[in-house]
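Working notes, structure below.
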Amino acid sequence: MTPVPIEVRNLAKRFGDVEAVAGVSFDARPGRVTGFLGPNGSGKTTTLRMLLGLVAPDAGTARVGGRAYRDLPEPARTVGAALEADGFHPGRTGRDHLRVYAAMLGLPDARVDEVLARTGLEAAAGRRVGGYSTGMRQRLNLATAILGDPAVLVLDEPTNGLDPEGIAWLRGFLREAATEGRTVLVASHVLAEAERLVDDVLIMHRGGLVAAAPLAELTGEANLETVFLDRIGALA
Amino acid sequence: MNRLIRAEMRRLLSTRLWRWGPLAALACGGGLTLLLVLIGPERFEPPMPGVETAAGVRIVLSAVGLTVLVPALFGALAVTSEYRHRTIGHTFLFAPKRYRVLAAKLAAYAAAGAVYGVLVAVAVAAALYAGAAARGVPVGVSFGEVAAMLSGQAAAMAAYTVIGVGFGALVRNQTATLIVLGGYLYMVEHALALVPGFNAVYPFLPGGATAALTESSLMREAAAAAGSAPTLLPPLLGAAVLLAYALAASLAAVTAPMRRDVT
Chain A
4 MTPVPIEVRN
14 LAKRFGDVEA
24 VAGVSFDARP
34 GRVTGFLGPN
44 GSGKTTTLRM
54 LLGLVAPDAG
64 TARVGGRAYR
74 DLPEPARTVG
84 AALEADGFHP
94 GRTGRDHLRV
104 YAAMLGLPDA
114 RVDEVLARTG
124 LEAAAGRRVG
134 GYSTGMRQRL
144 NLATAILGDP
154 AVLVLDEPTN
164 GLDPEGIAWL
174 RGFLREAATE
184 GRTVLVASHV
194 LAEAERLVDD
204 VLIMHRGGLV
214 AAAPLAELTG
224 EANLETVFLD
234 RIGALA
Chain B
814 MNRLIRAEMR
824 RLLSTRLWRW
834 GPLAALACGG
844 GLTLLLVLIG
854 PERFEPPMPG
864 VETAAGVRIV
874 LSAVGLTVLV
884 PALFGALAVT
894 SEYRHRTIGH
904 TFLFAPKRYR
914 VLAAKLAAYA
924 AAGAVYGVLV
934 AVAVAAALYA
944 GAAARGVPVG
954 VSFGEVAAML
964 SGQAAAMAAY
974 TVIGVGFGAL
984 VRNQTATLIV
994 LGGYLYMVEH
1004 ALALVPGFNA
1014 VYPFLPGGAT
1024 AALTESSLMR
1034 EAAAAAGSAP
1044 TLLPPLLGAA
1054 VLLAYALAAS
1064 LAAVTAPMRR
1074 DVT
C-alpha cells in the first residue's frame, strides 16, 4: 500500500458568531491509527468535513497525499470516509446503497459483495436500511467507505451504536488497516475505547488543538482520561 | 460521467418511487383524457367545441398539460431527497466536483421524464380514440396532428422533470420545494392567466408555453369565455420557451451547490 499522509495546516472556520475551528494544524501518518479526541462541539467534525471538501475553510489547507481532497484524481479510491451514520435512504436496501456508490467509482457488483462480507452485513444486505439498527448503519457506513480500497480512512465516531462485539471487531479492523500501511484518522469522544485503539493522539478543545503526541508519550504513567481532562481544563 | 449517470439510474430504480410513474401516466394521461372525451367538451361549463372538431381535440389534449405537476415534483426529488436523507455527503465525497453529480442527475432524470412523457402520450392517444369510438364520434384532426401534439407534450414532460431537478437543487429543502413548485404550477400560474394585465406575460410562463404546444388550454378557453383570453405563442416558439426554462433550471442545478457547506 502506497503511504498517503494527511497534512492539516492552520485550518479555520466560523459559523456566524461561533468559531468552530480556530487554526488547527496536525499530521496523520500512514501505518498508524490517529485518535482525534475532544468533547462534543470541540470542532472535530467540522475539521474532518473541511479535510474532505464538504465544508469550505475560511483559512488554511488540508491535504491528503499532498493534494486537496477535491483535486485527488479518484478521491474515494484514496480516502474512505465514514461520517455520521445517518446518510441512507430508508427505502433502499443495504446492497443497493452500495451498488449506487460502486457505480460512481466504476466498481463491479463483486466488490459490493466483498465489502458486505468484510463488514459482516451479508445477511442484512437485502433488507431496507430503514429497518437497520444503529450498529448495522455504522457497518454499512464503513462498507461504503472501503468500497474503493482506500489508503486513508477517516472515521467520525465509528463506535457509536456498536455493541461490545462490534467494537472489538472494529478495533481489529482498524488495527489491520494500519498494519497494511493505511492512514487511519478516527474521531471519538469515548476515551476508554480510544486508549485501546490509537497510536497517536490529537485532542481538540473549543476549536483548537491542545495536544498532539504519540499515546505512550502523552499518557506516561497517567491514563488517557486524566490527561484529556487536564488538557481541556476540566481538572483545574 | 457515464459512471455517474449509471449511479443515478441505480439510485432512481432502487427505491419504490419510480413504480408510481406508469400509474401516474395512466391516470393523468389516459384517465383524464377518457373522462373529458366521454363527457364531451360541448357539455363543459362554459360549452366548448366537441372532439369531432379540431379545436375540441386540442382542448382535450391540452388538459394533459395541467398534469405537468407530476414530472416537475418527481424531478424536484432528485436533489431534495439527497439532502433530506443526508445521502448528499456520501455523494459529494464520491464526486467532489459537484457539478458532475448534478449533470448526471439532469441526464438521468431527463431520460426518466421522457419515458414518462411517452407513456402519457400513448395513454392519451389510446384514451382519445377509444373514447371517441365509444361515443361514436369522429376525431376532429388527423392522426399525424395528434401524434405531433402528443410528441410535444411528451417532450414537455421531460422538460418539466428537468425544471424540477433545477428548482430542487436551488431550494434543497424538500417540503419547501414541493409546496412552492406545486403551488405555482397548480394555482398561481392558472390564476395569472385570468388576470388581464398578466395576459402579455402568460404565453412566456411555463404553463403558457406548454399550452402553445397544443395551441390551446382549458384555462385559456375559460378566460376566453370571460373575455380575456391571452394569445398563445406558435407551437415551436412555445417549445423553445419551455426548453429555455429547462436550460435555465439546468444551469441553476449545476451551479447552485458548488460552494455550499454540507454540514
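For the record, the sequence lines run as chains A and B.
Each residue of the first sequence is one higher than the last, beginning at 4 in our numbering.
Each residue of the second sequence is one higher than the last, beginning at 814 in our numbering.
Note that the Cβ used here is the ideal one computed from N, Cα and C, for glycine as well.
Buried versus exposed call for Ser875/B [16 or more other C-beta atoms within 10 Å across all chains shown]: Buried, by the Cβ-count rule.
Residues of its chain near Gly151/A, where Cβ-Cβ distance is below 6 Å and the 5 sequence neighbours each way are ignored: Excluding the 5 residues flanking it on each side, Gly151/A has same chain C-beta neighbours closer than 6 Å at Ala79, Arg80, Leu108, in chain order.
Within-8 Å CB hit, Leu817/B to chain A: By this cut-off, Leu817/B is an interface position.
Contact under 8 Å by Cβ, Ala1052/B with Ala968/B: Closer than 8 Å, so yes.
Boundaries (first-last residue) of the alpha helix (DSSP H) holding Leu994/B: Counting along the chain, the alpha helix (DSSP H) containing Leu994/B begins and ends at 987–996.
Runs of alpha helix (DSSP H) wholly within the region 864–950 of chain B (minimum 4 residues, chain order): Qualifying alpha helix (DSSP H) stretches, in chain order: 867–876, 882–897, 901–907, 911–948.
Below-8 Å beta-carbon distance, Lys910/B vs any chain A residue: For Lys910/B, the nearest CB of chain A lies under 8 Å from its own CB, placing it at the interface with that chain.
Spatial distance of Gly41/A from Ser191/A (CA atoms): In this structure, the straight-line span from the alpha carbon of Gly41/A to that of Ser191/A is close to 7 Å.
Any C-beta of chain A under 8 Å from that of Phe905/B: Yes, Phe905/B lies at the interface with chain A (some Cβ there is under 8 Å from its Cβ).
As assigned by DSSP and simplified to three states, the class of Arg142/A: The answer is helix: DSSP assigns Arg142/A an H, G or I state.
Beta-carbon neighbours of Tyr72/A, restricted to chain B and to distances below 9 Å: Ordered by position in chain B, the residues that pass the 9 Å Cβ test against Tyr72/A are Leu906, Pro909.
Start and end residues, alpha helix (DSSP H) containing Met4/A: For Met4/A, there is no enclosing alpha helix (DSSP H), since its DSSP letter is neither H nor E.
Which listed residue (Val954/B, Pro1009/B, Ala1059/B) has its alpha carbon closest to that of Gly863/B: Ranking the options by Cα distance to Gly863/B, first place goes to Val954/B.
Cutoff 8 Å; reference Phe1017/B; Cβ partners in own chain excluding five residues on either side: For Phe1017/B, where only same-chain residues beyond five positions count, the Cβ hits under 8 Å are Leu1046, Val1054.
Close Cβ partners of Gly842/B (< 8 Å) along its chain, the five nearest in sequence each way excluded: Excluding residues within five positions, the ones whose Cβ falls inside 8 Å are Val877, Thr880, Leu932, Val933, Ala934, Val935, Ala936, Val937, Ala940.
Secondary structure of Ile206/A, DSSP reduced to three states: Judged by DSSP in its simplified three-state form, Ile206/A adopts strand.
Candidates Leu143/A, Thr137/A, Arg114/A: closest to Ala128/A by CA position: Proximity to Ala128/A across Leu143/A, Thr137/A, Arg114/A peaks at Leu143/A, based on C-alpha coordinates.
DSSP three-state assignment for Pro217/A, whether helix, strand or coil: In the structure shown, Pro217/A falls within a strand segment according to DSSP collapsed to helix, strand and coil.
Through-space distance from Met814/B to Leu1060/B, alpha-carbon basis: Going by C-alpha positions, Leu1060/B is about 19 Å away from Met814/B.
Sub-8 Å separation of Val883/B and Ala982/B beta-carbons: Contact flag unset, no.
With 16 other Cβ atoms within 10 Å as the buried cut-off, status of Ser1029/B: Looking at its Cβ environment, which holds 16 or more other Cβ atoms inside 10 Å, Ser1029/B is buried.
CA nearest to the CA of Asp159/A, picked from Leu212/A, Val193/A, Ser28/A: Of Leu212/A, Val193/A, Ser28/A, the residue nearest in Cα terms is Val193/A.
Contacts around Ile149/A, its chain only, beta-carbon distance under 6 Å, and the 5 residues preceding and following it disregarded: Excluding positions up to five away in sequence, the list reads Gly83, Val118.
Under 7 Å (Cβ pairs) to chain A, residues found in the region 819–842 of chain B: Residues Arg819, Ala820, Arg823, Arg824, Ser827, Thr828, Arg829.
Beta-carbon neighbours of Val1075/B, restricted to chain E and to distances below 8 Å: No chain E appears in the structure shown, which is made up of the protein chains A and B.
Nearest residue (CA-CA) to Pro8/A, options Met207/A, Ile235/A, Gly210/A, Ala181/A: The option with the nearest alpha carbon to Pro8/A is Ala181/A.
Alpha helix (DSSP H) segment containing Arg98/A, residue limits: For Arg98/A, the enclosing alpha helix (DSSP H) begins and ends at 97–108.
C-alpha gap between Gly133/A and His898/B, whole angstroms: Here the C-alpha atom of Gly133/A lies approximately 11 Å from the C-alpha atom of His898/B.
Under 9 Å by beta carbon: chain B residues contacting Pro78/A: Under the 9 Å cutoff, chain B gives Leu906, Phe907, Ala908, Pro909.
Reference Val103/A, options Val1014/B, Leu1007/B, Arg823/B, closest by Cα: Taking the Cα of Val103/A as reference, the smallest distance to any Cα among Val1014/B, Leu1007/B, Arg823/B is reached at Arg823/B.
CB contact check: Thr900/B to chain A, cutoff 8 Å: Cβ-Cβ to chain A under 8 Å: yes for Thr900/B.
Three CB pairs or more closer than 8 Å across the region 33–48 of chain A and the region 202–220 of chain A: Touching, yes.
Euclidean distance between Cα positions of Met962/B and Phe956/B: Taking the straight line from one Cα to the other gives about 10 Å.
Contact set between Asp89/A and chain B, taken where Cβ atoms lie within less than 8 Å: For Asp89/A, the residues of chain B that pass the 8 Å Cβ criterion are Arg899, in the order they occur in the chain.
Coarse secondary structure for Ser1029/B, derived from DSSP in three states: Coil, per DSSP.
Boundaries of the alpha helix (DSSP H) in which Leu40/A is found, first to last residue: That residue, Leu40/A, is in no alpha helix (DSSP H); its beta strand (DSSP E) goes 36–40.
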